[in-house]
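Have a look at the structure below, then the notes.
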Amino acid sequence: MMKEFWVLFSHGILLMLLNAGDVSCTMATLRLVTTLMSNYSKTIRPVASGVEPVIVRYGIALQQIIDMDERNQILTTNVWLRQHWNDVHFLWNPSDYDGVKTIRIPITDLWRPDIILYNNADDAFKGIMKTNAEIQHDGSVSWYAPAIFKSSCKVDIRYFPFDTQYCKLRIGSWTFAASSLQLVNRSKAGDVDSFISNGEWKLLGMPVVREDIYYPCCPDDPYNILTFSINIRRRSLFYVINLIVPCMLVVALTMMDFYLPADSGEKITLCITILLSLSVFILLVVETLPPTSEVVPLISAYYMSTMVLVTVSTFFTILVLVLHHHGANGKRAPLVLRKLTFEVIAPFLCRGQCKNSKDKETCLEYKMDGSLPELNVHIYEHNFSGQMDTTEQKVMSIGSQKARLQYVLNDLTSHMHDITKKLENTDAEEEIVKEWKEVALVLDRLFMLIFGVTTFISTCAIIFQAPSFE
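In structure tokens:
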């Protein structure tokens, strides 16, 4: 029991001593702040001599890329600002104030450099949080503040969606030239160690460059400008899946248009539907990109080339349909077209049904003008004309039953001759129609091959212009 009492008593004494130390430290800090701020003015530069410049070491830690508005060309970032300078008014001996070496004062009560973002695109200009500043006993002031920057960024959409953007944050004083305020960078590059990965953009780096800008108002006294370049590369997988791959599938359907039979009556409808689909995809791209006439985006060039190819394929499809239905005129295809189609293109495309073109020439003995040949009826006249005259004489003279039967047989032979002639004409017309259809079919397969090769070459020529794929 006594042991527990002494433990509680010792703890109470320790807490009293700690509270007394905190009260003493707080009172010392209050006395220090009161002393330092008694004759302090936040409107005067904190230097001992008016000709001395205030040296401000400036740095940025990039935390997050919030948004990249390509259409309005505005980059929104979350950054941590780090500023350091010396203030001659904040000098004290820590031993005089119970060892207090560091105090924290709201930045609104201190002089601070009027460093702003030159390419600010925020209409409200409310980006930096007014946090406390940390002051050391040797006069060094450190101000760490988070900020949301909306900066203008010239977007280069030449290789969209495989593009790399270089957005700059131009930091500098608005009223103080280098003779009054010297702005230097804390390091050669911005801090990206705590950067939050972005799903659309990959951060490549954040180098910083210090430069002197001369203005007409003061040609002998430059302004120091720090330029932080945020180098980002677009992750193109989203656009490949949602814009490029569907377009490739639509182009594949265009190739199937050549394979579709001409008798189906849907070849032209399919071409028009594909053109409308490509128009929808182009509208989606236009809504994303900024309206500019300086360059043609890579994806726009791809869509335009695809639309041109589909338009040309529509023209070829119409030509094939015209040839397919041209056999109804009753004239054969021109000799040059037949030789080119059946003897050159068909063997190249391995069209086996067109290898019997020479046999077809013997079956279809046409005149050079393309009309049907007259039937050779001399054989029929030689065989039956004499018999018919003799039979008629016999019928008229003696009227025998045998002569009547012979007359009927001769008349039947004459009708059979007419029927044979009509069948031959019908077969010839069918062969003409079939020949034109085979010509159209061979050309259709040739156009499909040409379209496929051209589409592949144009796609590779455009897509592989991109500097990187990721």
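Taking my numbering, I'd label the letters of the sequence shown as residues -15 to 454. All residues carry an ideal CB built from backbone N, CA and C; glycine is no exception.
For Ser289, the three-state DSSP class (helix, strand or coil): For the purposes of this step, residue 289 is taken as residue 305 along the sequence shown, with counting starting at 1. If DSSP states are grouped into helix, strand and coil, Ser289 belongs with the helices.
Please go through the same chain and pick out, in chain order, the residues whose beta-carbon is closer than 8 angstroms to the beta-carbon of Gln337, but skip the five residues on each side of it. Stepping through the sequence shown from its first residue, residue 337 is reached at position 353. Because Gln337 carries a pLDDT of 47, less than 50, the predicted location of this residue cannot be relied on, and the following value inherits that uncertainty. Correct list, in chain order: Glu422.
Identify, in the order they occur along the chain, each residue of the same chain with its Cβ nearer than 7 angstroms to the Cβ of Ala450, setting aside the five sequence neighbours on each side. Numbered from 1 along the sequence shown, position 466 holds the residue referred to as residue 450. Take Ala450, set aside five residues on each side of it, and the residues of its chain with a beta-carbon closer than 7 angstroms to its own are Tyr143, Phe146 and Leu282, in chain order.
First and last residue of the uninterrupted beta strand (DSSP E) at Glu271: Position 287 of the sequence shown, counted from the first residue, corresponds to residue 271. Element bounds for Glu271: not the beta strand (DSSP E) but the alpha helix (DSSP H), Lys251 to Thr272.
Assumed close pair Leu16, Val84 - CB separation to whole angstroms, cut-off 8 angstroms: Mapped onto the sequence shown, residue 16 falls at position 32. Mapped onto the sequence shown, residue 84 falls at position 100. Right, their Cβ atoms sit about 6 angstroms apart.
Backbone CA spacing between Pro275 and Arg55 [nearest angstrom]: Here residue 275 refers to the residue found at position 291 when the sequence shown is read from its first residue. Here residue 55 refers to the residue found at position 71 when the sequence shown is read from its first residue. So the two alpha carbons sit approximately 7 angstroms from each other.
Check whether Arg66 and Arg170 have beta carbons under 9 angstroms apart: The count along the sequence shown starts at 1 and reaches residue 66 at position 82. The count along the sequence shown starts at 1 and reaches residue 170 at position 186. Cβ distance < 9 angstroms, so Arg66 and Arg170 count as in contact.
Short Cβ contact (9 angstroms threshold) for Met21 with Asp82: Within the sequence shown, the letter at position 37 stands for residue 21. Within the sequence shown, the letter at position 98 stands for residue 82. Cβ distance not < 9 angstroms, so Met21 and Asp82 don't count as in contact.
Tell me, please, which residues DSSP counts as bridged to Trp95. The residue given as residue 95 occupies position 111 in the sequence shown. According to DSSP, residue pairing for Trp95 in a beta bridge does not occur.
I need the DSSP call for Trp420, collapsed to helix, strand or coil. On the sequence shown, position 436 is the one that residue 420 refers to. Taken through DSSP and simplified to helix, strand or coil, Trp420 comes out as helix.
At least one CB of chain B closer than 9 angstroms to the CB of Lys323: is that the case? This model lacks chain B altogether, as it is built from one protein chain only.
Could you give the distance in angstroms between the alpha-carbon of Glu271 and the alpha-carbon of Ala161? For this step, residue 271 is matched to residue 287 along the sequence shown. For this step, residue 161 is matched to residue 177 along the sequence shown. Spanning the two alpha carbons is a distance of roughly 43 angstroms.
Quickly, what does DSSP pair Ala117 with across the bridge? List them, please. Numbered from its first residue, the sequence shown carries residue 117 at position 133. Beta-bridge partners of Ala117 (DSSP): Ile89 and Trp127.
Determine the burial state of Ser157: buried for a count of at least 16 other Cβ atoms within 10 Å of its Cβ, exposed for fewer. Counting from one through the sequence shown, the residue named residue 157 turns up at place 173. Counting Cβ neighbours within 10 Å, Ser157 comes out buried, since at least 16 surround it.
Take Phe109 as the anchor and find which of Thr60, Thr10 and Gly189 has the nearest alpha-carbon. The residue labelled residue 109 in the question sits at position 125 within the sequence shown. Looking at the Cα atoms, Thr60 is the closest of the given residues.
Nearest-angstrom beta carbon gap, Val63 and Leu46 [assumed within contact, 8 angstroms]: As a working mapping, residue 46 is identified with position 62 in the sequence shown. As a working mapping, residue 63 is identified with position 79 in the sequence shown. With a Cβ gap of about 6 angstroms, Leu46 and Val63 count as contacting.
Check whether Leu259 and Thr301 have beta carbons under 9 angstroms apart: The count along the sequence shown starts at 1 and reaches residue 259 at position 275. The count along the sequence shown starts at 1 and reaches residue 301 at position 317. In this structure, Leu259 keeps its C-beta atom at 9 angstroms or more from the C-beta atom of Thr301.
Can you pull the DSSP bridge partners for Lys134? In the sequence shown, counting from the first residue as 1, residue 134 sits at position 150. Answer is Thr60, bridged to Lys134.
DSSP state of Met52, grouped into three classes? For the purposes of this step, residue 52 is taken as the residue at position 68 of the sequence shown. Three-state result, Met52: strand.
Tell whether a beta-carbon distance below 9 angstroms holds between Ile266 and Ser277. To locate residue 266, count along the sequence shown from 1; it is residue 282. To locate residue 277, count along the sequence shown from 1; it is residue 293. Against a cut-off of 9 angstroms, the Cβ pair of Ser277 and Ile266 comes out as no contact.
Taking the straight line between their C-alpha atoms, what separation do you get for Lys114 and Tyr128? For the purposes of this step, residue 114 is taken as the residue at position 130 of the sequence shown. For the purposes of this step, residue 128 is taken as the residue at position 144 of the sequence shown. Rounded to the nearest whole angstrom, the C-alpha separation of Lys114 and Tyr128 is 9 angstroms.
Identity of the residues DSSP links to Asp196 by a beta bridge: Within the sequence shown, numbered from 1, the residue matching residue 196 stands at position 212. Listed as beta-bridge partners of Asp196 by DSSP are Asn208.
Sorted by chain position, which residues of the same chain lie with C-beta nearer than 7 angstroms to Ile329's C-beta, five sequence neighbours on each side aside? If you number the sequence shown from 1, residue 329 lands on position 345. Cβ neighbours of Ile329 beyond the five flanking positions: Val426 and Leu430.
Where do the N-terminal and C-terminal ends of the alpha helix (DSSP H) with Thr148 fall, by residue? Taking the sequence shown and counting its residues from 1, the one referred to as residue 148 is at position 164. Thr148 -> not in any alpha helix (DSSP H); beta strand (DSSP E) instead, spanning Thr148 to Ser157.
Only counting the same chain, and skipping five residues up and downstream in sequence, which positions put a Cβ closer than 7 angstroms to that of Leu165? Translated into positions along the sequence shown, residue 165 becomes position 181. The residues are Pro37, Val38, Val40, Pro97 and Ser157.
Quick check: the stretch 216 to 232 against the stretch 249 to 257, are there 3 or more CB pairs under 8 angstroms? Fewer than three Cβ pairs drawn from the stretch 216 to 232 and the stretch 249 to 257 lie within less than 8 angstroms of each other, which leaves the two stretches out of contact.
Per the DSSP calculation, Trp69 is bridged to which residue(s)? Taking the sequence shown and counting its residues from 1, the one referred to as residue 69 is at position 85. Answer is Val125.
From the DSSP output, which residues share a beta bridge with Asp175? Numbered from its first residue, the sequence shown carries residue 175 at position 191. Paired residue(s): Ala45.
Contact between the stretch 147 to 154 and the stretch 284 to 293: three or more CB pairs below 8 angstroms? Between the stretch 147 to 154 and the stretch 284 to 293 there are fewer than three inter-stretch CB-CB distances shorter than 8 angstroms, so the stretches are not counted as touching.
Could you tell me the alpha carbon to alpha carbon distance between Ser136 and Val35, rounded to whole angstroms? Counting from 1 along the sequence shown, the entry for residue 136 is found at position 152. Counting from 1 along the sequence shown, the entry for residue 35 is found at position 51. Spanning the two alpha carbons is a distance of roughly 35 angstroms.
So the candidates are Leu321, Asp51, Val417 and Cys444; which of them puts its Cα closest to the Cα of Trp185? In the sequence shown, counting from the first residue as 1, residue 185 sits at position 201. Restricting attention to Leu321, Asp51, Val417 and Cys444, the CA atom closest to the CA of Trp185 is found in Asp51.
Leu244 and Ala424: beta carbons closer than 9 angstroms? The count along the sequence shown starts at 1 and reaches residue 244 at position 260. The count along the sequence shown starts at 1 and reaches residue 424 at position 440. Result no, Cβ atoms of Leu244 and Ala424 do not sit closer than 9 angstroms.
As a quick exercise: from Cys444, Gly123, Ser178 and Val264, pick the residue whose alpha carbon is nearest that of Asn77. By one-based count along the sequence shown, residue 77 stands at place 93. When Cys444, Gly123, Ser178 and Val264 are compared, the shortest CA-CA separation from Asn77 is found for Gly123.
I'd like the span of the beta strand (DSSP E) that includes Leu165, first residue to last. Within the sequence shown, numbered from 1, the residue matching residue 165 stands at position 181. Leu165 -> beta strand (DSSP E) spans Leu165 to Asn169.
For Glu419, which of Asn208, Leu321 and Thr159 has the nearest alpha-carbon? By 1-based counting over the sequence shown, the position of residue 419 is 435. Taking only the C-alpha atoms, the option nearest Glu419 is Leu321.
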